[in-house]
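A short worksheet on the structure shown next.
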Amino acid sequence: MNIEEMTNEELFKAYHETGDQAIRQALTLRYVYIVRTVAYRTRDMYSGSMQAEDIINEGVIEIMKAIDRYDPDKDNKFETFISRRIRGMVIDMIRRSDWMPRNFHKERRSIEDAREEMMRDLGRVPSDEELAERLNMDVKRIQLIQRVQNCTNVLSLDMTFDEDDESVFQVPTKDRDTMPEESFFHGETVSELTAAIESLKDKEKMVVSLYYVEELNMNQIAEVMEISQPRVSQLHSSAIKKLKNYMQKLA
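Residue numbering for the sequence shown follows the numbering used here, starting at 40 and increasing by one per position.
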């Protein structure tokens, strides 16, 4: 069978059986989108000291190492396995770059404590200027600490669903592309959607994950996948149609 026609699962099985480097390279290319996504979402954390290309280059090496170490019988899905490793890699790179503000964790806790106390006193969220006055800190310093914290929170996001999670899947509601198909997902359980998503082709899975889980818009997905926006829309429409058909059969 042609490598391009093989599923990711088939490629992993073939690689572990043969050690064929061409298969390893094909797998690496299929998962580069995860590195690109993490690099895109965390760019505010490293833009002052590194380039996205630095993150991506290191990430590709991390993917290749992970392919060798991954055991499908013992580990989670490879997407979960590698995304956690990539997030850890980004944090390590940022720490090595000395970009993280000194005393960050101590100052972050002070800001959080002061904000909670002032919310009780004022009955509202205090402004950055009010926090700065209370803590005798420069307002720009407070804003920097908060920006770093917000970016760090991004790294804690899981990039794939937990198949055992029975919670209801909620489509993000922030300002993004308006898609009427979104209403289809409301009320569906994660386990049902996970099974439906597994029936999609790899690129369709990727678009669904990037759009509905990572909350990227169509332009951003096109950048991450290095394809045109019309192609992203085509893959999205195809995926939604297949998911609807799959879920209707279960009804």
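Beta carbons: idealized from backbone N, C-alpha and C, even for Gly.
For Q258, three-class secondary structure by DSSP: Residue 258 sits at position 219 when you count from the first residue of the sequence shown. The sequence given here places Asn at residue 258; Gln does not occur at that position. If DSSP states are grouped into helix, strand and coil, N258 belongs with the helices.
Cβ neighbours of L282 in the same chain (closer than 6 angstroms, five flanking residues each side left out): Walking along the sequence shown from the start, residue 282 turns up at place 243. A235, listed in sequence order.
Cβ pair Q182, D160 closer than 7 angstroms: For the purposes of this step, residue 182 is taken as residue 143 along the sequence shown, with counting starting at 1. For the purposes of this step, residue 160 is taken as residue 121 along the sequence shown, with counting starting at 1. Their beta carbons are not under 7 angstroms apart, which means Q182 does not touch D160 by this criterion.
Cβ contact check for the region 145-156 and the region 116-135: 3 or more pairs under 8 angstroms: no
Backbone secondary structure at V271 - three-state DSSP: By one-based count along the sequence shown, residue 271 stands at place 232. Helix, per DSSP.
Beta-carbon spacing of S277, E243 below 7 angstroms: The residue labelled residue 277 in the question sits at position 238 within the sequence shown. The residue labelled residue 243 in the question sits at position 204 within the sequence shown. In this structure, E243 lies closer than 7 angstroms to S277 by Cβ.
I266, enclosing alpha helix (DSSP H) - first and last residue: Position 227 of the sequence shown, counted from the first residue, corresponds to residue 266. No alpha helix (DSSP H) contains I266, which DSSP labels as neither H nor E.
For L161, three-class secondary structure by DSSP: Reading the sequence shown from its first residue, position 122 is the one you call residue 161. Looking at L161 - three-state DSSP - the assignment turns out to be helix.
Residue span of the alpha helix (DSSP H) that contains Q64, given as start and end: For the purposes of this step, residue 64 is taken as the residue at position 25 of the sequence shown. Element bounds for Q64: 60-80.
Simplified DSSP state of Y250, which is helix, strand or coil: Position 211 of the sequence shown, counting from 1, holds the residue named residue 250. Looking at Y250 - three-state DSSP - the assignment turns out to be helix.
Beta-carbon proximity list for A61, same chain, < 8 angstroms, skipping 5 on both sides: In the sequence shown, the residue the question calls residue 61 occupies position 22. Around A61: I42.
D177 in three-state terms, based on DSSP: Along the sequence shown, one-based indexing puts residue 177 at 138. Residue state, collapsed to three classes: coil.
Coarse secondary structure for K242, derived from DSSP in three states: On the sequence shown, position 203 is the one that residue 242 refers to. Here K242 sits in helix by DSSP.
7 angstroms Cβ cutoff, A261 in contact with chain B: Judged by its chain identifiers, the structure shown contains no chain B, having just a single protein chain.
CB of T46 within 7 angstroms of CB of M103, strictly: In the sequence shown, counting from the first residue as 1, residue 46 sits at position 7. In the sequence shown, counting from the first residue as 1, residue 103 sits at position 64. Their beta carbons are not under 7 angstroms apart, which means T46 does not touch M103 by this criterion.
Residue burial classification, Y54 (beta-carbon count within 10 angstroms, cutoff 16): Here residue 54 corresponds to residue number 15 of the sequence shown, with the count starting at 1. Y54 is buried by the Cβ-count criterion.
Run of the alpha helix (DSSP H) containing T57, from where it starts to where it stops: For this step, residue 57 is matched to residue 18 along the sequence shown. Here the alpha helix (DSSP H) through T57 covers 47-57.
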